[in-house]
Each structure stands twice: as structure tokens, then as C-alpha cells.
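Presented below is the structure to which this report refers.
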Amino acid sequence: MPRIMTDTDYDLAIIGGGVTGTALLYLLSRYTTLKKIVLIEKYNNVATVNSARTHNSQTLHFGDIETNYTLEKSRKVAKAANMVKLYLESEKNPKLFSKYNKMVLAIGSEQSFELRKRYEEFHELFPNLKIINKKSIGELEPMVVKGRPEQQELLALSTDEGYTVDFENLSHSFLENARKHNPYLQTLFKSKMRSLKWSSDHYSIGIGDIGIGIGIGIGKISKTITARVVVVCTGGNALMMAQKLGYGRHLSLLSVAGSFYWAQNVLNGKVYTLQNRKLPFAAIHGDPEVHNKTQIRFGPTAKAIPFLERYNWSSFFDYVKSCGLNFSSLRALFEILSDKVIFIYILRNTLYDLPFIGKRLFIREARKIIPTLKLEQLNFAKGMGGTRPQIVNTLTRKLELGEAKIVGQNIIFNITPSPGASSCLNNAYVDTLKIMEFFKDEFACDKDAIKKDLIDRN
Ligand SMILES: Cc1cc2nc3c(=O)[nH]c(=O)nc-3n(C[C@H](O)[C@H](O)[C@H](O)COP(=O)(O)OP(=O)(O)OC[C@H]3O[C@@H](n4cnc5c(N)ncnc54)[C@H](O)[C@@H]3O)c2cc1C
333 MPRIMTDTDY
343 DLAIIGGGVT
353 GTALLYLLSR
363 YTTLKKIVLI
373 EKYNNVATVN
383 SARTHNSQTL
393 HFGDIETNYT
403 LEKSRKVAKA
413 ANMVKLYLES
423 EKNPKLFSKY
433 NKMVLAIGSE
443 QSFELRKRYE
453 EFHELFPNLK
463 IINKKSIGEL
473 EPMVVKGRPE
483 QQELLALSTD
493 EGYTVDFENL
503 SHSFLENARK
513 HNPYLQTLFK
523 SKMRSLKWSS
533 DHYSIGIGDI
543 GIGIGIGIGK
553 ISKTITARVV
563 VVCTGGNALM
573 MAQKLGYGRH
583 LSLLSVAGSF
593 YWAQNVLNGK
603 VYTLQNRKLP
613 FAAIHGDPEV
623 HNKTQIRFGP
633 TAKAIPFLER
643 YNWSSFFDYV
653 KSCGLNFSSL
663 RALFEILSDK
673 VIFIYILRNT
683 LYDLPFIGKR
693 LFIREARKII
703 PTLKLEQLNF
713 AKGMGGTRPQ
723 IVNTLTRKLE
733 LGEAKIVGQN
743 IIFNITPSPG
753 ASSCLNNAYV
763 DTLKIMEFFK
773 DEFACDKDAI
783 KKDLIDRN
């Protein structure tokens, strides 16, 4: 017998209101007939964690200047980022993004050789990408060339497609547009999901206030709602929630926090350096702020922390649960961190956050971009930078790069390290198709309209 639906029964619940959750909310509300949706967010607004303006590098990653991506990975990333680009262009809202020049820099003959090879391989996928010499680099970015030895070879791949995105405002825009298209949409803020149980044809979701960070299963539940399908978009937290229901038990997490340093007026656009393919974290880059091109952000750094949420000390308990304090998880984390390249990298990056010594070490990296940068020009960006939940496979004992999606009985869990914000709409599209499948086509999805608006449009 079908269940009688009341005010607290929904067809779909999205847990987590970052850019991942709000992108899904938008896509479903705008392009499907599924309307009885609830968004559950533990803080009092959307995008206050990793999607916050202050917590990421604000870059729409296409894979053109990210030299740790293979051609195959860049193809995927570019397709996903293009959906966000098309959304941004159609909204025509300056609060959402700015466009600067961007380049990746090769320093010296060895790196230049590598970059030339990369250009040959990638320029078909990215026809706007130009290979430019020292003189042209100097015209675009005088401070990058100033102070370098005369004989030092300098080469760059450059494009004017440097989309710099305020992912916090983008999340607000998704929510506003979702509301316009879906009058039945409910949002529950200051509502932390504390329990999740499947019973025959729906999930019961226990909700409490934020309280301390101890996650699911613990803490007072003040309200219970139900949903036939649930999508969990809570960043690193999603793994812990999946494991509670018996999914993803072979996975663990390395939480990699990123910090930034500020300098004023030293770049005109984004400048990246060549990246180490072995590391899943971007090499330090310089980026003008999305709403203030004179403020240049250098970073992000990468240090392992035992917290799921940066600056939220109580998320330590959630991190311990996500890692699963078991032998295979600890062994995998130990093996990964004892790799010489990763260990030295993480150790050095941990020092960058320390007072006095941090700035003096970090400036060496920043000077690869701006050789004449002075210590007094550089300031630690206090309270900024989130954390990337890097997936660890405890069976292979290897880091799994990119986002992870765990699909279970009428439920999807999204775990979103960088460049998760760039792929938010593609991720939402994949989830939308899966959700339609869960509902056995009870609801309709206008795929043609999605393709026309967000995929095929030129
Ligand atoms: C230093 C750094 C730099 C980065 N740079 C870039 C970049 O330049 N480009 C890019 O594309 N990506 C970048 N990323 C990655 C990007 O920030 C993330 O992939 C993206 O923001 C993830 O969005 P999300 O919505 O999945 O997670 P989040 O933004 O973290 O949102 C998760 C939401 O879930 C909520 N939540 C958690 N638990 C619960 C619960 N129990 N109940 C209810 N709600 C809950 C949280 O409050 C939060 O609002 C960067 C990340 C970092 C850390």
C-alpha cells in the first residue's frame, strides 16, 4: 500500500548545502518534474564550508593549465567545467565570476621542454591555449619576468579563459533559481542530519541543531522527516554517513587542508607553475581575487589534518569515524604518508602555516612566480582555506584522485575534493539521471533542455 505523505515526507532529501548540493537542487527544480524536495543544511546558510568564497582557490578548472592532469582527465574536467561556464555566462551576474588571463609557467630548459610537449598533446582539446615566450609573458605579467637571470628560459601556456568564480555566490544563485522553478522546495537551515535509516521504501532522517560536531548517530534529535531518495552532499562527512549504512567500507580519508598568503598588485591574472603528477594537490599558484583584482592569493598549501572541517575542532571525532580506526585504514594512511615525495611535501606544507618561519619558507615557492617578492609584501591569510577530503582506497593502499560517488539503495553519497566545485553541475547531472532511475521514471527529466542550456551550447 502506498504511504500517505504528510508535511514531513519528501520525495527527495539533499543533505548539505554547498555548491554540490545546491547545483543538484537547481538542476532537479529547473529540469525535472520532481518537486517535493528538501535541502537540509546544518549551518544558517548555504556555502559556508569548502564552497565559501574564502575557503577555495576560486578557479574554474578546465584542465588546460593543470599540468598534473592527463589528457583523458582534462577532457573530463573540461566537459564538466564547461557546464559551469555556460551557467555563469547565461546568468550575466558580476557577483558570480570574473575573467582574467591565466597561464602555466615553465622555468628553465627542462620544464620548457616538458611544456612544449604538453602543448602538442593538448592544443587540440584547448584551441584557445597559446604557447608564449619570455617577452610575451613579460607583456602580460611584468612582475613574473622582472628580476630573473637574463639567460633563464621562460615559457608559458596562456589563455584569456581564466574564469574566477565566487562559488559561495554561485551556490546562492543555484538556490534562488531552484526556488523560482520549484514552489514546493523546502530548506531546513541550522538542521544537522543526525541519523539516517532505511525502512522498506523510504529513509527516516533524524535532525538536530548544530551542537558540537560529533556526527551521525550521536546527539539530540528534535525532528524526523522521511524521503524516498536521499543524496548526501556533505563533503568529507559523506563517507562517514555511507559507512554507517554499510557502504564504502574499503575507503578512508586523508583530510588535506589548504592555506593562502596575500600580496597586493603583483599579478594581472592567474599564474600556475608546473605540477608534480604524483601529487593530487595543485602546485602553489597566484590568483587575483574574484571581486578585487589587486588582491593576489598565493596557495593553496597542503597539510594533513585530523579534522573533517577546517577550524571546527569538534569535527575531529567525525574524521576519526570516517577513517575507520581499523588496521587496514591506518596501514593505508601510513603507507601513503611514508612515500618520500608525499611525506616531504606534506611536512614542508605543514611548516608554511607556522608563524615567523612559515612565511620565510613559503616565500621561496611564491618567488618561483614573482622573483622580486619581498617578505613584507606577503601576509598569511588568517582563517581562510578549507580542507580537501582525499579518498584513500584501503585495499590498494593508494590515494584515489578526484571525486568519489557511492551509490546505494535509493541513496547517493558525494565526496568532493578539488576540483569538486568546477564539476558541480556535471555531478548534479549524473545524480539527476540516477535519481530518475531510482524513481523508475515516475518523474520526467528534460534532458534535451539540459543539453541545450548547459552542454551543447556554443
Ligand atoms: C584549499 C582549497 C582550494 C580549492 N580550490 C578549488 C578550486 O579552485 N576550484 C574547484 O573547483 N575546487 C576547489 N576546491 C574544492 C572545492 O572547494 C570543493 O570541492 C567544493 O567546495 C565541495 O563542495 P561541497 O558542496 O561538496 O562541499 P562543502 O562546500 O564543504 O559543503 C558541504 C555542506 O554540507 C554541510 N553538512 C555537513 N554535514 C552535515 C550534516 N550532518 N547535516 C547537514 N549538513 C551537513 C556543511 O555544513 C556544508 O554546507 C578547493 C578546496 C580547498 C580546500
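Under this note's numbering, the residue at position 207 of the sequence shown is numbered 539, and the numbers go up by one with no gaps. By construction, the Cβ of each residue, glycine as well, lies at the ideal position given by its N, Cα and C atoms. Keep in mind it's a predicted model, so treat the numbers as computed, not measured.
- Burial check for Ala781: the Cβ neighbour count within 10 Å stays below 16, so the residue is exposed.
- In the DSSP assignment, the residues bridged to Ala345 are Val370 and Val562.
- Cβ contact annotation for Phe630 (same chain, cutoff 7 Å, sequence separation greater than five): Phe592, Tyr593, Ala595, Ile616, Gly618 and Ala698, in chain order.
- For Phe675, same chain residues with a beta-carbon under 8 Å away, outside a window of 5 residues either side, are Leu669 in chain order.
- For Glu493, no alpha helix (DSSP H) encloses it; the enclosing beta strand (DSSP E) starts and ends at Leu486 to Val497.
- By alpha-carbon distance to Asp339, the top candidate from Thr556, Gly470 and Phe506 is Thr556.
- The segment 752-763 and the segment 345-359 touch, with three or more beta-carbon pairs separated by less than 8 Å.
- For Thr352, the shortest C-beta to heavy atom distance toward ligand 1 is below 7 Å.
- Taking 8 Å as the cut-off, the Cβ atoms of Thr719 and Ala589 count as close.
- Annotation: the continuous alpha helix (DSSP H) that includes Asn681 extends over Lys672 to Tyr684.
- Short note on Gln390: C-beta closer than 7 Å to some heavy atom of ligand 1.
- Contact annotation: Val381 and Gly350 have beta-carbon atoms nearer than 8 Å.
- Distance from the C-beta of Gly494 to the nearest heavy atom of ligand 1 is not below 7 Å.
- Secondary-structure assignment with DSSP links Ile557 through a beta bridge to Ile537.
- Straight-line spacing of the CA atoms in Val416 and Thr566 works out to 20 Å.
- Counted as a single uninterrupted DSSP element, the stretch harbouring Gly690 is not any beta strand (DSSP E) but the alpha helix (DSSP H) occupying residues Ile689 to Ile701.
- Proximity of the segment 744-753 to the segment 657-668 falls short of the contact definition, fewer than three beta-carbon pairs being nearer than 8 Å.
- With fewer than 16 other beta carbons inside 10 angstroms of its own, Gly479 counts as exposed.
- At a cut-off of 7 Å, the beta-carbon of Val381 counts as near ligand 1: some heavy atom of the ligand is closer than that.
- One Cα belongs to Phe521, the other to Glu404, and the distance between them is close to 39 Å.
- With a cut-off of 8 Å on Cβ pairs, the segment 487-494 is in contact with the segment 381-399, counting three or more such pairs.
- Looking from the CA of Val673, the closest CA among Gly715, Leu611 and Asn711 belongs to Leu611.
- For Gln443, the enclosing alpha helix (DSSP H) covers residues Gly440 to Phe454.
- Taking Tyr684 as the centre and dropping the five residues before and after it, the same chain places the C-beta of Ser591, Thr633, Gly690, Leu693 and Phe694 closer than 7 Å to its C-beta, in chain order.
- Not one heavy atom of ligand 1 is found less than 7 Å from the C-beta of Thr605.
- Scanning the segment 580-663 for uninterrupted beta strand (DSSP E) segments of 3 residues or longer gives 583-589, 593-596, 602-605, 617-621 and 624-631, listed from N- to C-terminal end.
- When only Cα atoms are considered, Ser406 and Leu418 end up about 18 Å apart.
- Placement of the Cβ of Glu482 at a distance of 7 Å or more from every heavy atom of ligand 1 is found.
- Judged by beta-carbon spacing, Ala614 lies within the 8 Å limit of Glu398, meaning their Cβ atoms are closer than that value.
- When the Cα atoms are used, Ile678 and Ser660 turn out to be separated by approximately 22 Å.
- Less than 8 Å divides the Cβ of Val603 from the Cβ of Glu473.
- Beta-bridge annotation (DSSP): Cys777 is paired with Thr364.
- Look at Gly740 here: in three-state DSSP terms it is strand.
- The beta carbon of Asn501 sits closer than 6 Å to the beta carbons of Lys427 and Leu428 from its chain, once the five residues preceding and following it are set aside; these are given in chain order.
- Per DSSP, Thr764 is one residue of the alpha helix (DSSP H) stretching across Cys756 to Phe770.
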